[in-house]
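Visitor: Below are the structure tokens for one structure; questions will follow.
Number of protein chains: 2
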Amino acid sequence: MTPDAIKVACSNCNLRELCMPVGFDLADLARLDEVVATRRKIKQGQTLFNSGEVFTSLYAIRTGFFKTSVSTEDGREQVTGFQMAGEIMGLDGIVNDHHSCNAIALEDAEVCVMPFSNIEDLSREFPVLQRHVHKIMSREIVRENSVMLLLGNMRAEERLAAFLLNLVQRLHARGFSKSEFVLRMTREEIGSYLGMKLETVSRTFSKFSEEGVIEVKQRYVRILDPDALQKIFNPQPCI
Amino acid sequence: MTPDAIKVACSNCNLRELCMPVGFDLADLARLDEVVATRRKIKQGQTLFNSGEVFTSLYAIRTGFFKTSVSTEDGREQVTGFQMAGEIMGLDGIVNDHHSCNAIALEDAEVCVMPFSNIEDLSREFPVLQRHVHKIMSREIVRENSVMLLLGNMRAEERLAAFLLNLVQRLHARGFSKSEFVLRMTREEIGSYLGMKLETVSRTFSKFSEEGVIEVKQRYVRILDPDALQKIFNPQPCI
DNA sequence: CGTTGACTTGAACAAGATCAACCATTGTGG
DNA sequence: CCACAATGGTTGATCTTGTTCAAGTCAACG
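Protein chains in written order, with full-length UniProt numbering: chain S, 1 to 239; chain C, 1 to 239.
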């Protein structure tokens, strides 16, 4: 056990409403504590796991912000997602007992380590946990479907609008502002996620800014006209 | 129950090696039969399920070929996958109890209908089934990760090469030829999956053909130089 | 045998990539 | 504390890839 690992409990975690315990009553919550073995701190820039490593656990983010990515053999990186508090990482490792993507902390972070064997054992006992695990995996499949739609069908402006709206919506669900936030990732990482180059990301930010839809200063973003953003992302069919 | 629904068994299905029963011993196999409620035939062009419909079951393909797709509000379609015998559809529906994509038969097909409540009940009893369900979902997440890489980072030729190699590899696992096959989908559907226009798909086919890498005649494809395809898909880093 | 849907091919065009220069912010060592 | 390097971000000019539009081919089928 690493020195920064400590024993912890879901039952008094303030992420109850977003994380694994969703839909558990108090009695179940006590048992759920068994799935979390330890916590682990990851410094900004450090990896939680890398492609190729043996899979043992899922990870629930307590604090901090991550990106996950896959790479081609010739070194091109595709960011596959950005994860924040209450979200689960590591699902990619189940199928082959090895991770197939990298998880890197974009700010100092702490995760709950949940050995997958604990999850499997306990979810045989608790249908509510079983159902929750299934939903988490299904949610990830649905999310990736929508990223495929974004990458396959949308233009640069639509992609960035969709990205900003998704981000602010998730932040808002965690008690942050509906309109302003600080990006945790670089233009290059945004571009990698959205299938565009960092220059195009920067230009699109500038364009939105000129149009008065957002205010940008480096990593700080304020959404001035959410409806306009929504309209860019989700244009009406031309009748 | 629809008239074309009949009672069936996994234990004597010839897809045992590819479908749900992977890794089950004979005793377990008998119980596994309980998860399949019925079979259902779907004619070419018919939908198995549509986005928005209530989710009740997963579907294992016995025969035939499907595409799954999602759409934007203004009617742009993104094909999210092509599925063949032994593959499982419907995982998208678990998270919200409603499907979020469409599944359409590209040729006359038959599926095993597996009510998800049966799967959940039985997988609490059989760790091997529980594990298998988790792996199926994880495999889908990993597949979608690699499609994101393809859509976000690859050029047209790389995309089509990757697509053809993936298709032939899956067909080969089902006993078909390593080198020739008949496409079940149109150029437009391939293009939608790969994030390119049907004209670009057609041109890229022609280019591969001129280079002697493949032979194409309409939907018939023969791979003449698999190594060349592999190299297009997976170029070496320039040192 | 004509109609239809799928496919191919060419020419013009545009979105985004690439290349390049420059600016802003942060952190570090003298 | 300041100089300056390093990293990240912006902006302009040019180029490329793939899109769009258009015309024509092919195969299947009623």
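Glycine included, each C-beta is placed from N, C-alpha and C at the ideal position. Given the structure is predicted, the values throughout are model-derived calculations rather than measurements.
If you drop the 5 nearest sequence neighbours on each side, which residues of the same chain put their C-beta closer than 7 Å to that of Phe24(S)?
Guide: Cβ within range, chain order: Leu32, Val128.
Visitor: Alpha carbon to alpha carbon, how far is Asp74(S) from Ser117(C)? Give it in angstroms, no decimals.
Guide: Going by the C-alpha atoms only, they are around 44 Å apart.
Visitor: Anyone know if the C-beta pair for Phe65(C) and Met84(C) falls short of 8 Å?
Guide: In contact: Phe65(C) and Met84(C) (Cβ atoms closer than 8 Å).
Visitor: If Ile232(S) and Glu157(S) are in contact, beta carbons under 8 Å, what's the gap, nearest whole angstrom?
Guide: The Cβ separation is near 5 Å, so the contact holds.
Visitor: Name, in chain order, the residues that DSSP records as bridge partners for Ile104(S).
Guide: Ile104(S) pairs with Thr47(S), Lys67(S).
Visitor: By alpha-carbon positions, which one of Asp225(C), Ala60(C), Ser192(C), Glu144(C) ends up nearest to Asn14(C)?
Guide: Asn14(C) has its Cα closest to that of Ala60(C), out of Asp225(C), Ala60(C), Ser192(C), Glu144(C).
Visitor: Would you mind stating whether Ala103(S) and Phe49(S) have Cβ atoms separated by less than 8 Å?
Guide: Taking 8 Å as the Cβ cut-off, Ala103(S) and Phe49(S) qualify as a contacting pair.
Visitor: Who pairs with Pro115(S) in a beta bridge, going by DSSP?
Guide: BP columns for Pro115(S) point to Ser57(S).
Visitor: Check whether the region 193-213 of chain C touches the region 159-167 of chain C, taking contact to mean three or more Cβ pairs, one atom from each stretch, closer than 8 Å.
Guide: Yes, they touch.
Visitor: For a contact defined as C-beta to C-beta under 7 Å, what are the partners of Val95(S) on chain C?
Guide: By Cβ distance, chain C contributes Lys135, Ser138, Arg139, Val142.
Visitor: Taking buried to mean at least 16 other C-beta atoms within 10 Å of its own C-beta, is residue 249(S) buried or exposed?
Guide: One cannot answer for residue 249(S) here, as it falls past the ends of chain S, which runs 1 to 239.
Visitor: Whose C-alpha, out of Gln218(C), Glu189(C), Leu29(C), is nearest the C-alpha of Phe181(C)?
Guide: Checking every option, the nearest Cα to that of Phe181(C) belongs to Gln218(C).
Visitor: How far does the beta strand (DSSP E) with Arg222(S) in it reach, from first residue to last?
Guide: Taken as a continuous stretch (DSSP letters only), the beta strand (DSSP E) holding Arg222(S) covers 220-223.
Visitor: Quick one: what's Lys41(S) bridged to in DSSP?
Guide: In DSSP, Lys41(S) forms a bridge with Glu110(S).
Visitor: With a floor of 4 residues, list each alpha helix (DSSP H) that falls wholly inside the region 173-209 of chain C, ordered by position along the chain.
Guide: Those alpha helix (DSSP H) runs which fall completely within the region 173-209 of chain C and span 4+ residues are 187-194.
Visitor: Rounded C-beta distance between Ser100(C) and Asn145(S)? I'm assuming under 8 Å.
Guide: With 8 Å as the limit, Ser100(C) and Asn145(S) qualify as a contact, their Cβ atoms being about 7 Å apart.
Visitor: Taking 8 Å as the threshold (C-beta atoms), are Ser51(S) and Val113(S) in contact?
Guide: Contact flag unset, no.
Visitor: Decide if His134(C) is buried, meaning its Cβ has at least 16 other Cβ atoms within 10 Å, or exposed.
Guide: It is buried - the Cβ of His134(C) has at least 16 other Cβ atoms within 10 Å.
Visitor: With H, G and I counted as helix, E and B as strand and the rest as coil, what does DSSP make of His99(C)?
Guide: Coil.
Visitor: If we ignore side chains and look at the alpha-carbon of each, how far apart do Gly81(C) and Ala30(C) end up?
Guide: Straight-line Cα distance between these residues: approximately 31 Å.
Visitor: DSSP state of Arg16(S), grouped into three classes?
Guide: DSSP places Arg16(S) in coil when its eight states are reduced to three.
Visitor: Reducing DSSP to helix, strand and coil, say where Met137(S) ends up.
Guide: Reduced to three states, the DSSP call for Met137(S) is helix.
Visitor: Tell me whether Ile94(C) sits in a helix, a strand or coil according to DSSP, three-state version.
Guide: Coil, per DSSP.
Visitor: So, is the C-beta of Cys13(S) closer than 8 Å to a C-beta in chain C?
Guide: For Cys13(S), the answer is no, since every Cβ of chain C falls outside 8 Å of its Cβ.
Visitor: Of all the CB atoms in chain S, is at least one closer than 8 Å to the CB of Pro115(C)?
Guide: Chain S contact via Cβ: absent.
Visitor: Quick one: what's got a C-beta closer than 6 Å to Ile42(S)'s C-beta in the same chain, skipping five residues either side?
Guide: Counting only Cβ-Cβ distances below 6 Å, and skipping sequence neighbours, we find Leu48, Ala105, Ala109.
Visitor: Taking the beta carbon of Gln230(S) as the centre, do at least 16 other beta carbons fall within 10 Å, making it buried, or is it exposed?
Guide: Exposed.
Visitor: Can you give me the C-alpha to C-alpha distance between Thr124(C) and Phe55(C), rounded to a whole angstrom?
Guide: In the sequence as presented, Thr is not what sits at residue 124(C); that position holds Arg. Approximately 20 Å, taken between the alpha carbons.
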